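Chains as they are written, first to last, in the working numbering: chain C, 524 to 577; chain B, 19 to 265.
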Amino acid sequence: MQWNSWQEFLTMRGYGLYVWGSFGACAVAMILEPLWVRNRWNAIRTRQPRQERS
Amino acid sequence: MSNSIINWFKYASPASFYPLAGRMIPWFSWLAVVLIASGVWLGLFVAPTDAQQSEGYRIIFVHVPASWMSMFIYCVMAFWSALGLAFNTRLSGMMTAALAPTGAMFAFLSLWTGALWGKPMWGTWWVWDARLTSQLILFFLYLGFIALQSAIDDPRRADRAGALLALVGVVNIPVIYFSVQWWNTLHQGASVSLTKAPSMAHVMLEGMLVMALGFWSYAIAVALTRVRCIILEREITSEWIKRNAVE
């Protein structure tokens, strides 16, 4: 473990903005993209039974 | 010989690839979650402070994997494009189209994390040097591919046009990769290479590789889910979808 306190971990010894800005952007993008694809998937799946009946 | 070729081509048909992709998605999703969680743990808690860059260097654990993925996904798109143009298989274009948004996302993340790394270390968010500019071009190639495909109504024509763009644009990949050797750039040289010993602590390298594998699994899971969407959207009227109530 490299950290003496939570404070040190959160501020990244002065690099907090840059490190958390990077990790945060990746986390947001890599959570939103799968949700977005799931939405597309669900939209097709709810459309499909109607087409199957016709 | 003919047998082995037939087996490979079996999965070039959307009807047989669709269920295969469906079986692979949960595996790669879980693999991505486990690997990325371990990578974040290694990167933020286990890896030691860097002697020169203090904690700022920890951006490497997302920057390098995202950059690798952005280049790798483009190569895979070019591969599928070449296959699609050569054999005229429907699935190739679908795979290329399914990969593009994920590739664009990684190219953007590479630029974004690079800017956040550049500011504290170089004193600037952005410079027009060879590595950064060629990576920006890669991002625009992804956007161009997506725009071109969505501008053409007929999916098969859109696939062919996109395939051409993907193949022409792939010359940019070696330019990005070797830019730090060919030109004098602000960007540092490769930290990991196949021919030299890595220029960093073992645990840093391990964290980065675990993270890269996690991003890899993530990209596979998302792209396979997207390709299944595209298959259903395009082939909704075809017999095989009507026949088997597709799961």
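We put the beta carbon where it would ideally sit given N, CA and C, even for glycine.
As the structure is a prediction and not an experimental result, all values here were calculated from the model.
Run through chain C and tell me which residues come within less than 7 Å of residue i, C-beta to C-beta.
i	result
Met123/B	Ala552, Glu556
Pro240/B	At residue 240/B the sequence reads Val, which differs from the Pro that was named. Those are Glu556, Pro557, Val560, listed as they occur along chain C.
Leu134/B	Tyr541, Gly544, Ser545
Looking only at its own chain, which residues have a Cβ that is under 6 Å from the Cβ of residue i, when we skip the five neighbours before and after it?
i	result
Met535/C	Val542
Arg252/B	Pro173
Ala84/B	Phe124, Leu127, Ser128
Ala65/B	Val221, Met222, Gly225
Ser47/B	Ala239
Could you confirm whether any beta carbon from chain C is found closer than 7 Å to the beta carbon of residue i?
i	result
Trp130/B	yes
Ser34/B	no
Pro138/B	yes
Gly111/B	no
Glu73/B	yes
Leu38/B	no
Leu159/B	no
Arg261/B	no
Arg244/B	yes
Leu156/B	no
Leu150/B	no
Leu227/B	no
Thr204/B	The question names Thr, but residue 204/B in the sequence shown is Leu. With 7 Å as the cut-off, Leu204/B does not count as an interface residue toward chain C.
Leu127/B	yes
Leu231/B	no
Leu250/B	yes
Under 9 Å between beta-carbons, which chain C residues line up against residue i? List them in chain order, please.
i	result
Phe163/B	Per Cβ cutoff of 9 Å: no residues; Phe163/B is ~17 Å from chain C at best.
Thr142/B	Residues of chain C passing the Cβ test: none, with the nearest at roughly 13 Å.
Thr107/B	Under the 9 Å cutoff, chain C gives no residues; its nearest Cβ is about 22 Å from Thr107/B.
Is it buried or exposed for residue i, if we count other Cβ within 10 angstroms and need 16 for buried?
i	result
Pro192/B	exposed
Trp130/B	buried
Arg266/B	Because chain B in this structure spans residues 19 to 265, residue 266/B falls outside the shown range and cannot be described.
Ser168/B	exposed
Cys93/B	exposed
Asp171/B	exposed
Val189/B	exposed
Thr569/C	exposed
Gly547/C	exposed
Gly114/B	Note that residue 114/B is Thr in the sequence shown here, rather than Gly. Counting Cβ neighbours within 10 Å, Thr114/B comes out buried, since at least 16 surround it.
Glu575/C	Residue confidence for Glu575/C is low, a pLDDT of 49 falling below 50, so the modelled location carries little weight; the figure read from the coordinates is stated next. That one is exposed.
Phe63/B	exposed
With a cut-off of 7 Å, does the C-beta of residue i fall near any C-beta of chain B?
i	result
Trp578/C	Absent from the structure is residue 578/C, since the part of chain C shown begins at 524 and ends at 577.
Gly544/C	yes
Arg536/C	yes
Which same chain residues, not among the five before or five after residue i, have their C-beta less than 7 Å away from its C-beta?
i	result
Ser197/B	Ala148, Arg149, Ser152, Thr203
Leu49/B	Ser235
Leu267/B	Only positions 19 to 265 of chain B appear in this structure, which leaves residue 267/B out of reach.
Met42/B	Leu242
Ser577/C	Confidence at Ser577/C is low in this model, with a pLDDT of 41, below 50, so its placement is unreliable and the value that follows should be read with caution. The answer is none, since no qualifying residue turns up.
Phe163/B	Ala118, Gly180, Leu183, Ala184
Met218/B	Ser209
Ala237/B	Met87, Ile91, Thr120
Just the chain C side, please: which residues come within less than 8 Å of residue i by C-beta, in chain order?
i	result
Arg174/B	In chain order: nothing, as chain C lies at least about 20 Å away.
Beta-carbon within less than 8 Å of residue i's beta-carbon, same chain only, minus the 5 sequence neighbours each way: which residues are those?
i	result
Gly74/B	Asp68, Trp135, Pro138, Met139
Check distances from the C-beta atoms of the region 47–79 of chain B to those of chain C and list, in chain order, the residues that come in under 9 Å. Hits within the stretch, in order: Ser47, Ala50, Ile54, Val58, Gly61, Leu62, Phe63, Val64, Ala65, Pro66, Thr67, Gln71, Ser72, Glu73, Gly74, Tyr75, Arg76, Ile77, Phe79.
Short-range partners of chain C found in the region 80–93 of chain B, where Cβ spacing is below 8 Å: Within the region 80–93 of chain B, the residues whose Cβ lies closer than 8 Å to some Cβ of chain C are Val80, His81, Ala84, listed in chain order.
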